[in-house]
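Here the structure comes first, spelled out in structure tokens, and everything after it is commentary.
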Amino acid sequence: MEPQNLKELFEPQTIAVIGASRSPGKVGHELVANLINGGFAGRIVPVNPSATEVLGLPCVADLAKAKIKVDLALVAVPTARVADAIRGAARAGAKAAVVVTAGFKEVGEAGAVLEQEVLKVCQEYGVGLMGPNCIGLINTHHRMNATFASSLPRPGSISVISQSGALCVAILDWAAARGIGFAKVVSFGNKADLDETDFLQALADDDATKVIAGYLESITDGDAFLREAERAADKKPVVILKVGTTKAGAKAASSHTGSLAGADMAYGAAFRRTGVIRAEGFEALFDYSLAFATQPLPTGRRVAVITNAGGPGIMAADAIESMDMVMAPLSEATRAKLAEGLPATAATGNPVDVIGDADPERYFHAFEILQDDPEVDALMILATPQNMTQPLALAEGLAARHHGKKPLVTAFLGGRDMQDAIARLTDLGIPNYDSPSRAVRTLRAMAEYAAWRERPVRVVTRFPVNRRRVERVLTWHRRMGIGQVGEVEAKEILRAYDFRVLPGSLATTADQAVETAARIGYPVVLKISSPEIIHKSDFGGVRVNLSTPEQVRDAFDLMMLRVRRRAPEARIRGAFVEQMGPRGREVILGMTRDPQFGPMLMFGLGGIFVEVMKDVTFHLAPITSQEALQMLKSTRSYALLEGARGQAPVDLDAVAEALQRISQLATDYKEIQELDINPFIVGGLGSPAYVADARMSIRLHGEGDTP
């Protein structure tokens, strides 16, 4: 949408309510009432051919005939009349329309046809369309409540975008009960035209918006979202609750990577790349948003905790450690300062326990020391309602003493005795949480976003490769109509991208297998070659450590017999005879192409770690060397790669480089849909890693294929 259209959407001077009604409870009545009650300073034009006035405002029957210049049209007429309503508004000058009417593509094919008709009219007249099937939008700084929700929230610095109108209503009600304000609230419904990317772009440039909070069920254009989300996150925090993350794709994934990479993994990878903070649920969406809106970003992960009770302090410490945050180490000098104003029974470690009889002054003493400690990045205040606590005075005193250089969060635990203090904390811009773990989770989100903001410039390495060899293999498969690229050809492609592949070749007879083994040297491995057999071991299609011609011959004959019995429909090309490689750590590397965001790289340890524990990590391609190493570090089993528990450390740089080479291959050839290198054998530092087994699947026809 053009910037002018967005301005007329968010800051119209004249709003036409098409379908305005005199009957309370009707959507067209509530739209007019909310504009009036919210204090909208512009002109409101009710459009209703059967009425002379609505809520004291004169009605018009036809906008064009009334010769009134309109900026924004709110449309609440029956589905079949929406297109004509927008056409009339456009002729009156409207450049934006909000269609709250439901009954379009959300109800089926007939509704989808009507929705396309409405969109066509908007495109013909250059009208930006929000909706249909939405509740409208709010701009508190323009005193505009262009929704049929109950009330205009107080002005604030958080803007909300939501695919669900019902959730918007719930958000507004929730916020009203807590005194939380918003800048803009946008319900875009079916997003026939304007979608999440348009609103991210608009709110990124909106001075009134400090934090963007979003609820999304789907993303229209993955590439556009990645681009605009990263641009927005570079300017301000973007917190999104993404739902509907079921397994991506209609077909069953044939590779390990594909089977592990559902839509949830894809969205997680997209959010990490772009700096979007992902909310785990509705509570987290506003836990994070409130903290980002009111607190500075931390410069690290070290948290200092002050409490008047031991139990909550232990809960906070447990949460900090389990969420990869750090209990700030307090120096002897800091502890000595703390002791000067605390009773002998107080604990001056971290958590700092000011003891149950602490009054606000005792809290303030500890707080002022810790917020000035350079070893502390963030502060958490825990309070339980004991006789001396004085929660309201504590809340006001903390806010007065907070210098605003480090984030401050609180957990005032309790009910009735804490209500006034918690409300006051909200008024004073200090986020309060009902448990230490929610507070810690929020600080973690802030620390991760702060680290993302300090990320190095992304430099993607391009390796010299032999593209002609790859194109020859892919062209042959397309010509033959074979979508599965087996081990022999997959390794040829990987060799072209400078992966180390052990000597070997395809044998169609036992004699050829013996000849190949003699040429490449014993011991050897024998593996079945068939486009229909993906997991060779399941069919008895792998034999290892064959050391004599007799063993090779017997293994070949027995393998052919068993595989033909177990997979009689499979086309068997022969057996791949390969030199037995040195031992090393088995890892799995892979790529699957997400329909929204493109190639996703996968890394995990082999064996039980991937099969049972699902200990894998994903990242969108293209990938930098730093991102590749971060993929390794983000697995739970990373310590084993470093050499924990008596294990020899492996060459991490070799694995990281292999991931970068897969990234380049996936971005060079869009027809490659899935890739598994399983296992990839990696040894110690300086020891050459190699591909033990590999397979790919390709799209035989379609956009993006390499000619």
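Position one of the sequence shown corresponds to residue 1449 (our numbering), numbered consecutively onward. Where is the CB? At the ideal position from N, CA and C, for every residue including glycine.
In the displayed model, histidine 1590 falls within a helix according to three-state DSSP. Look at phenylalanine 1636 here: in three-state DSSP terms it is coil, with no helix or strand label. Using a Cβ-Cβ distance cut-off of 8 Å, the stretch 1602-1611 and the stretch 1651-1660 are in contact, since at least three pairs of beta carbons, one from each stretch, lie closer than that value.
Judged by DSSP in its simplified three-state form, threonine 2040 adopts strand. Comparing alpha carbon positions, the residue from Gly1467, Ala2092, Leu2107, Arg1783 closest to leucine 2037 is Leu2107. DSSP, read as helix, strand or coil, puts serine 1607 in strand.
Sequence-distant Cβ neighbours of leucine 1642 in its own chain, meaning closer than 7 Å and more than five residues away, are Met1449, Gly1576, Leu1577, Met1578, Phe1636.
If you check the CB distance, alanine 1718 and serine 1885 do not come in under 8 Å.
Distance between leucine 2148 and lysine 1455, taken at the CA atoms: about 46 Å. Contact between the stretch 2123-2141 and the stretch 1903-1921 is absent: fewer than 3 CB-CB pairs across the two stretches fall below 8 Å. Residue Ala1787 holds the alpha-carbon nearest to the alpha-carbon of alanine 1814 among Ala1787, Ala1512, Met1771. Rounded to the nearest whole angstrom, the CA to CA distance from glutamine 2074 to valine 1888 is 27 Å. The beta carbon of alanine 2087 sits closer than 7 Å to no other beta carbon from its chain once the five residues preceding and following it are set aside. Residue burial annotation: asparagine 1880 is buried, with at least 16 other C-beta atoms found within 10 angstroms of its C-beta. If the five residues before and after leucine 2113 are omitted, its C-beta is found closer than 6 Å to the C-beta atoms of Tyr1945, all from its own chain and listed in chain order. Between valine 1907 and threonine 2115, the beta carbon gap of about 15 Å keeps them out of contact (Cβ cut-off 8 Å).
In the structure shown, the three-state DSSP call for histidine 2149 is coil. About 5 Å separates the CB atoms of arginine 2033 and valine 2098; that is less than 8 Å, so the two are in contact. Counting C-beta pairs with one atom in each stretch, the stretch 2019-2035 and the stretch 1945-1961 have three or more that are closer than 8 Å, which means they touch.
When only Cα atoms are considered, serine 2082 and proline 1799 end up about 28 Å apart. Here DSSP, grouped into helix, strand and coil, assigns histidine 1850 to coil. Annotated as distal: alanine 1898 and leucine 1733, with beta-carbon spacing of 8 Å or more. Between the stretch 1605-1621 and the stretch 1581-1588 there are three or more C-beta pairs closer than 8 Å, enough to call the two in contact. If you check the CB distance, leucine 2089 and leucine 2080 come in under 8 Å.
If the five residues before and after serine 1737 are omitted, its C-beta is found closer than 7 Å to the C-beta atoms of Ile1606, Val1659, Ala1661, Val1687, all from its own chain and listed in chain order. Contact between glycine 1804 and proline 1833 is ruled out by a C-beta separation of about 11 Å, above the 8 Å threshold.
For glycine 2022, there is no enclosing alpha helix (DSSP H); the enclosing beta strand (DSSP E) has its first and last residue at 2022-2027. For proline 2070, the closest alpha carbon among the candidates Leu1922, Arg1783, Glu2105 is that of Glu2105.
Between the stretch 1532-1541 and the stretch 1555-1562 there are fewer than three C-beta pairs closer than 8 Å, too few to call the two in contact.
In this chain, histidine 1983 is not harboured by any alpha helix (DSSP H), its DSSP state being neither H nor E. In this structure, alanine 1847 lies away from aspartate 1882, with their beta-carbon atoms at least 8 Å apart.
Lysine 1785 places its beta carbon less than 8 Å from that of isoleucine 1817. Alanine 1509 sits in coil when the DSSP states are folded into three classes, being neither helix nor strand. The count of Cβ pairs closer than 8 Å, one atom from the stretch 1501-1511 and one from the stretch 1461-1473, reaches three, so the stretches are in contact.
Annotated three-state conformation of asparagine 1482 is helix, per DSSP.
Between isoleucine 1667 and glutamine 2044, the CB-CB gap stays under 8 Å.
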